[in-house]
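Asks:
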Amino acid sequence: MSRRKTERLLNLVICLLSTRRPLSAEHIRQAVPGYDAENDEAFQRMFERDKNELREIGIPIEVHKDPWEEDPGYRIVRQAYELPEITLEPDEAAVVGLAAQVWQRASLAEAASGALLKLRAGGVETDEAGGMLGGALELRVDTRDPSFPALWEAVRDRRAVRFAYRGATGQSVLTRTVEPWGVVSRRGRWYVVGHDRDRDAPRVFRLSRISGAVTTIGRPGAVVVPEGVDITSMVGYSDDLNVSERIALIRVREGTCQGLRQVAKAVRPGPGGWDELDIDFTDPARLAGWVVGFAADAEVIGPPDARDAVICRLKGALL
């Protein structure tokens, strides 16, 4: 199953779980990213396939026919969807917790939040207090960085790595050779901690600043983690504090991208049915990860490194 289809199905489940009343197909079409907003026939075919696939894997989509409404409504009743209580041994629970922390995808969380935002904008009451995003479908750890899988495997296999790394100012890109000791998440960002062979000293690298592919070098088991090292304490906040805040110019279609509009410092009419937004940012990669979730409705005009980060993210999605 493609990533695009996986995201669409997940967003459909979130949409139908979070609504307090049955939604018509047209409401769902407008709220769930991934459906064709132009072609009625294509949307109906895709929506029918998605409903059938979800039902085949045991997700109970209910159909409600309101005598006062022309079209039926759809929803997922939480009590029918949620699993019964599961009892795990301590070691089993630890493994499940670790897997959840590592592989939950914030890119899906962004799309899910966008779907809920569209529902609220359309006047549909949503249920977030019931733990929708914090319980049944908890999406909290960001693993969107393309370098994450390779670095995670390198830490597991105790192998050195080489990668291109962009400095905090975004100007220079240097090649680093690192013996990774661990991958750590802090404040929603991922870092690799290890011994920098080029500087012959322990260093911390933010994954969002790694450019291109991560290459493993040497044999497995060659990297030795120093005894007693605390990689978590090595990841501090000074790296973030030294980066000055900048303004990105983003062009969005009229009537779309409410999430971007809400955080913009300024919104003004642009050419040809577009609006122009000024949005503060510090990390081009994180800005790109947010903007691409709005697909063709948003375009980063500048600065150049922010625009390049979006292009890089989109090219990566095509691979």
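Residue numbering for the sequence shown follows our numbering, beginning at 902 and increasing consecutively.
For every residue, glycine included, the Cβ atom is placed at its ideal position computed from N, Cα and C.
Fair warning: this is a prediction, and the values are worked out from it, not measured in the lab.
Applying the 10 Å Cβ sphere with the 16-neighbour rule, what's the burial state of residue 958?
Replies: Exposed.
Asks: Measure the alpha-carbon distance for residue 966 versus residue 956 and round it to whole angstroms.
Replies: The straight-line gap from Cα to Cα measures roughly 19 angstroms.
Asks: Which runs of the alpha helix (DSSP H) spanning at least 4 residues fall entirely within the region 939-970, listed in chain order?
Replies: Listed in chain order, they are 941-957.
Asks: Apart from the five residues on each side of it in sequence, which residues of its chain come closer than 6 angstroms, Cβ to Cβ, to residue 1093?
Replies: These residues qualify, in order along the chain: 1052, 1081, 1084, 1106.
Asks: Looking at chain B, is there any beta carbon in it that lies within less than 8 angstroms of the beta carbon of residue 913?
Replies: Considering every chain present, this structure includes no chain B. It has just one protein chain.
Asks: For the region 1040-1124, which segments carrying the beta strand (DSSP E) assignment without a break, of at least 3 residues, lie completely within its bounds, in sequence order?
Replies: Counting only runs of 3 or more, we get 1061-1067, 1074-1087, 1090-1097, 1102-1107, 1111-1118.
Asks: To which residues of the same chain is residue 1046 closer than 8 angstroms at the C-beta, ignoring the five residues directly before and after it?
Replies: 1091, 1108, 1109, 1111, 1186, listed in sequence order.
Asks: Alpha carbon to alpha carbon, what distance is there between residue 1192 and residue 916?
Replies: Cα-Cα distance, rounded: 21 angstroms.
Asks: Helix, strand or coil for residue 1177, going by three-state DSSP, please let me know.
Replies: Reduced to three states, the DSSP call for residue 1177 is strand.
Asks: From this set, 1121, 1170, 978, 1104, which residue's C-alpha is nearest residue 960's C-alpha?
Replies: Comparing Cα positions, the closest option is 978.
Asks: Alpha carbon to alpha carbon, how far is residue 1079 from residue 1205? Give it in angstroms, no decimals.
Replies: Between residue 1205 and residue 1079, the C-alpha separation is close to 29 angstroms.
Asks: What does the alpha-carbon distance come out to for the pair residue 951 and residue 1124?
Replies: The straight-line gap from Cα to Cα measures roughly 46 angstroms.
Asks: Opposite residue 909 in the DSSP bridges: which residues?
Replies: Its beta-bridge partners do not exist; DSSP assigns none.
Asks: Considering Cα atoms alone, identify which of 1202, 943, 972 is closest to residue 924.
Replies: The shortest C-alpha separation from residue 924 is found at 972.
Asks: Using the C-alpha atoms, what's the distance from residue 926 back to residue 913?
Replies: Going from the Cα of residue 913 to the Cα of residue 926 covers about 11 angstroms.
Asks: For residue 1201, collect the residues of the same chain with a Cβ closer than 7 angstroms to its Cβ; drop the 5 residues on either side in sequence, then sort them by chain order.
Replies: Contacts found: 1149, 1151, 1192, 1207, 1208, 1211.
Asks: Which partner residues of residue 1136 appear in the DSSP bridge assignment?
Replies: Paired residues: none, contrary to the question.
Asks: For the candidate residues 933, 1064, 953, whose alpha-carbon lies nearest to that of residue 1118?
Replies: Of the candidates 933, 1064, 953, the one whose C-alpha sits nearest the C-alpha of residue 1118 is 1064.
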